C-alpha cells in the first residue's frame, strides 16, 4: 500500500470513528459537528462525507444528519476498539494519559490484525477492573 493510500485509509477510519463517538454523545451528527470535533474545515469534511457516502459507509438525511451504515459501523467499532485497547495498554505502562491517547490514535491504524489480537488477548487476561466502556479514552485526533 502506498503512503497516500495508507493516509487515505487512516483518514477514513478517523472520520468513521469520530462519527461513532459523536453519535454516542449527541442525538444527531452533522458535518459541522465533525469539523468542530476534528478541527477540520467544513469544506474538507464535506468532501470526506461525499467520499464516505459513495463508499456506502454513511447515509446523509435530507436534513444533513449523518448515520453510519452497517459497514461504516463495523470499521468505526473496530478502529475504536483498537484505540481503547492501545490506550489502556500504554497507560498501564505508565505513559501519561494524554500522550497515550494521542499515540494510540496513530498506532490504531498501523497495527497488524495478528499483533492486535495477541495484544488484546494479553491485556484482557492481565488487566482486570475495566468494564470495556472507556469512552473517555477517545480524544480528538488533531487536538
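Numbering (the working numbering), first residue to last: 1174 to 1316. Ideal Cβ placement from N, Cα and C applies to all residues, glycine included. Bear in mind the structure is a predicted one, so any value in this text is a computation, not a measurement.
Closest Cα partner of residue i within the set the options
{"i": "residue 1242", "options": "1193, 1200 and 1212", "result": "1193"}
{"i": "residue 1353", "options": "1226, 1265 and 1249", "result": "In the structure as shown, the chain begins at 1174 and stops at 1316. Residue 1353 is therefore absent and cannot be evaluated."}
{"i": "residue 1282", "options": "1253, 1295, 1272 and 1294", "result": "1253"}
Helix, strand or coil at residue i according to DSSP, with G and I counted as helix
{"i": "residue 1220", "result": "helix"}
{"i": "residue 1201", "result": "coil"}
{"i": "residue 1178", "result": "Legend: pLDDT at residue 1178 = 45, less than 50; position of this residue unreliable, value from coordinates given subsequently. Correct three-state label for residue 1178: helix."}
{"i": "residue 1248", "result": "helix"}
{"i": "residue 1296", "result": "helix"}
{"i": "residue 1213", "result": "coil"}
{"i": "residue 1183", "result": "helix"}
{"i": "residue 1276", "result": "helix"}
{"i": "residue 1118", "result": "Any question about residue 1118 goes unanswered here, given that the chain covers just 1174 to 1316."}
{"i": "residue 1193", "result": "helix"}
{"i": "residue 1287", "result": "helix"}
Whole-angstrom distance between residue j and residue i, CA atom to CA atom
{"i": "residue 1257", "j": "residue 1232", "result": "26 Å"}
{"i": "residue 1215", "j": "residue 1203", "result": "11 Å"}
{"i": "residue 1299", "j": "residue 1186", "result": "28 Å"}
{"i": "residue 1251", "j": "residue 1190", "result": "9 Å"}
{"i": "residue 1239", "j": "residue 1212", "result": "18 Å"}
{"i": "residue 1278", "j": "residue 1235", "result": "32 Å"}
{"i": "residue 1247", "j": "residue 1264", "result": "26 Å"}
{"i": "residue 1224", "j": "residue 1245", "result": "12 Å"}
{"i": "residue 1237", "j": "residue 1266", "result": "42 Å"}
{"i": "residue 1287", "j": "residue 1184", "result": "22 Å"}
{"i": "residue 1228", "j": "residue 1292", "result": "30 Å"}
{"i": "residue 1259", "j": "residue 1197", "result": "21 Å"}
{"i": "residue 1226", "j": "residue 1294", "result": "34 Å"}
{"i": "residue 1209", "j": "residue 1285", "result": "30 Å"}
Start-to-end residues for the beta strand (DSSP E) that takes in residue i
{"i": "residue 1141", "result": "Missing from the structure shown is residue 1141; the chain here goes from 1174 to 1316 and no further."}
Start and end residues, alpha helix (DSSP H) containing residue i
{"i": "residue 1231", "result": "Here residue 1231 belongs to no alpha helix (DSSP H); instead the beta strand (DSSP E) covers 1231-1233."}
{"i": "residue 1268", "result": "Per DSSP, residue 1268 belongs to no alpha helix (DSSP H) and is neither H nor E."}
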